[in-house]
Amino acid sequence: MDNIQAINLKRYIERDILTLSYLSNLFDDAARTERFIAKPKHPGAPSMYDLLVTSYEKKDIGYYKKELKFRATPQQISRWELAIEVLMYIDNSITDNPIEARELIWMRAKKYKWTELARHFGSHRVTIKNRYIKVLDKLSNKLKNSFDKLDRLFI
Numbered sequence: 018m019d020n021i022q023a024i025n026l027k028r029y030i031e032r033d034i035l036t037l038s039y040l041s042n043l044f045d046d047a048a049r050t051e052r053f054i055a056k057p058k059h060p061g062a063p064s065m066y067d068l069l070v071t072s073y074e075k076k077d078i079g080y081y082k083k084e085l086k087f088r089a090t091p092q093q094i095s096r097w098e099l100a101i102e103v104l105m106y107i108d109n110s111i112t113d114n115p116i117e118a119r120e121l122i123w124m125r126a127k128k129y130k131w132t133e134l135a136r137h138f139g140s141h142r143v144t145i146k147n148r149y150i151k152v153l154d155k156l157s158n159k160l161k162n163s164f165d166k167l168d169r170l171f172i
């Protein structure tokens, strides 16, 4: 019974999860999550002010309404880490310049337009789009073949 479930899981992963649209959505979610991850504080910044609770009245001179800060959830952070791990699978076997391919995928995940990407990489927008699709296709094929090596389940 366990063997049948493992075969069905592998078939489900190959057919539904490791597709171009899934990888594209994974990178989009990761880029969006990156905006909500807290920035590291400067080493010299005093941390005691984080612990102090201050209250102001509206009539005080320095009163300001504190803005709501959104933070990433643990599930979003784990998907972000998974996306970074998947990006590291882009190597010389997928493309000649893996660093440029990673940059292309990440910039597209951050919603850069194709024309902006073309200007950045010095190519035509259709060439950049075809390169993006080709890299994602090769990446999904590589992930399908090396699924056993991944230590996380694609959720």
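Okay, so the sequence shown: first residue is 18 according to the working numbering, each after it adds one.
Think of the CB as a built atom: it goes at the ideal place given N, C-alpha and C, for glycine as much as any other residue.
- The Cβ atoms of Q93 and D45 lie no closer than 9 Å to each other.
- In the structure shown, the three-state DSSP call for S140 is coil.
- Within 10 angstroms of the beta-carbon of I116 lie fewer than 16 other beta-carbons, which makes it exposed.
- Within the same chain, and ignoring the five residues on either side of K159 in sequence, the residues whose Cβ sits closer than 8 Å to its Cβ are Y106, S110, I111.
- E98 and Y129 have their C-alpha atoms roughly 21 Å apart.
- By the 16-neighbour rule on beta-carbons within 10 angstroms, A48 is buried.
- If only uninterrupted beta strand (DSSP E) runs of at least 3 residues are considered, none is enclosed by the region 88-166.
- Residues of the same chain with a CB within less than 6 Å of the CB of E51, apart from the 5 flanking positions on each side, do not exist.
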